[in-house]
Every structure is written in structure tokens, then in C-alpha cells.
Amino acid sequence: MHLEFLFHNLILHGLEDLFWCVLVHAKKWERLVRETSLTK
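Residues in the sequence shown are numbered from 1062 upward in steps of one, following the numbering used here.
Spelled out as C-alpha cells, the structure:
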């Protein structure tokens, strides 16, 4: 039970970290694309 809880927690935090990582990169790419289209 305890091990299962830890495993579940690990997956949950891993997904959360992945989500934030994707979110940050999406914002960076969005800005990059906007700047690139403005310079053209």
C-alpha cells in the first residue's frame, strides 16, 4: 500500500513537471514564432 502510494505520487509529480516543462517551452516557441513572423 505504502509503496503503491509512493509510486503513484512519483508518477503524479513526473506528469506535473512534464506539463510545466511543455507549458514553458510552448510560450518560448510562441514568442519566437511571433518575433520571426514580425521580422519577415
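Using N, Cα and C, we set each Cβ at its ideal position, and we do this for glycine too.
Rounded to the nearest angstrom, what separates residue i and residue j at their Cα positions?
{"i": "W1081", "j": "G1075", "result": "10 Å"}
{"i": "R1092", "j": "H1063", "result": "44 Å"}
{"i": "T1097", "j": "V1085", "result": "18 Å"}
{"i": "L1071", "j": "K1088", "result": "26 Å"}
Looking at chain C, is there any beta carbon in it that lies within less than 7 Å of the beta carbon of residue i?
{"i": "V1085", "result": "The structure shown contains no chain C; it is built from a single protein chain."}
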